[in-house]
Structures are given as structure tokens and as C-alpha cells.
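Each residue of the sequence shown is one higher than the last, beginning at 23 in the numbering used here. Glycine included, C-beta positions come from ideal geometry on N, C-alpha and C. For clarity, every value in this text was computed on a predicted model and none was experimentally measured.
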Amino acid sequence: MTDDRGGSVVFRAPTVADGSRLWRMAADSGTLDVNSEYSYLLWCRDFAATSVVGCDGDSVTSFVTGYVRPDAPDTLFVWQVAVDATYRRRGLAVRALDALVDRVARTQSVVFLEATVTPDNVPSARLFAGFARARGASLTKQSLFTEEHFSGGPHNEEVLFRIGPLPR
């Protein structure tokens, strides 16, 4: 790894071979809801066109997983964003998000980005607010899932961040 603020990182669509690494990175993040390893393998197979991984040589440094909402084909929903601990504070989360949105916008009619953020996840809130500012797009927030929606134990509210329209 070079210490050039993440400049050697290249962004690409994930492959099934990346699934286990994404699962491990999500688990190591300490903040993400971790899904089964199987779900990350499927995600890398079925949603590669709307997801991105950052790579520094053979190392996966970061990822953004997303999908175009079936009932709102102009909206890219970002499911998870993670950066490996050794690569944090290098701007990789925003670079990965930029790379993904730019790639998806070239092939699909996406003009909105959505993501949910728990109220205590300040870094994610800053990421999406900064992304909206940099793109000159509006950001609205509203509760999507309250604590009562979650039956598997305590879970914070999920606030929907909606950004757009994104300039073409």
C-alpha cells in the first residue's frame, strides 16, 4: 500500500471472488449491519452493475453496494459503504461513491441517490451531505424505518437521505 491518500486505488465492479472480502470488511467495520457471507456473494453476482469495489493491487480497500429501485428506476439506493481500516481517512468512501454514481448514470436514467443512515452514524451522514453539496444537489431526510420496525432486537431508526436531482 502506498501512502498517497488512496491515489493508487482503482474502482471497478465487484465479482463473486470479492464477496467474501466484502463480508469480512463489513464485519470489521463495527458499524454496518452484517449480512451472511452468502448474501455478499449473491450481491457481487446480481448487483455488480450497481456496486463498486476499490482495489490497491490485489487488496480490496473499499466498497459501495447499491441497486436501482425496481419501483423507482431513476433512483440508486446505496445499501452499504465500507472502507478497510488501513485505508480510512483517505477520501475513499466519497471517491467510491462518485465512481459508482458516475458509472451507473452512464447506463441508466438515475437522477436520485438514496441511502439510510442511523442518527448515531455521523461519518455516513457527513459522507452523503458532502456528496450532495459537491454535486450541487438537494438533500432531504425523513424517517424510513423506526425502531419499532425491527423485531430482532434493538436497532436504531434508519433515516432516509434522498439526494437529487443529480446534474447530468
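- Counted as a single uninterrupted DSSP element, the beta strand (DSSP E) harbouring Val103 occupies residues 97-105.
- The distance from the Cβ of Ala104 to that of Leu149 is about 11 Å, inconsistent with a contact at the 8 Å cut-off.
- In the same chain as Lys163, and ignoring 5 residues on each side of it, the C-beta atoms closer than 6 Å to its own belong to Val181, Phe183, in chain order.
- Distance from the CA of Ala118 to the CA of Ala127, rounded to the nearest whole angstrom, comes to 14 Å.
- Annotated three-state conformation of Leu63 is helix, per DSSP.
- For Ala49, the CB contacts under 6 Å within the same chain, skipping 5 residues up- and downstream, are Val56 in chain order.
- Val132 and Pro95 have their alpha carbons spaced roughly 7 Å apart.
- Secondary structure in the stretch 106-174: the beta strand (DSSP E) runs of 3 residues or longer, each lying completely within the stretch, are 134-139, 161-167 in chain order.
- Per DSSP, the beta-bridge partners of Val75 are Arg34, Phe85.
- In the three-state DSSP reduction, Arg43 falls in the helix class (H, G or I).
- Sequence-distant Cβ neighbours of Ala107 in its own chain, meaning closer than 7 Å and more than five residues away, are Asp50.
- Per DSSP, Glu179 lies in no beta strand (DSSP E) segment and is marked neither H nor E.
- Per the DSSP secondary-structure output, Val56 pairs with nothing in a beta bridge.
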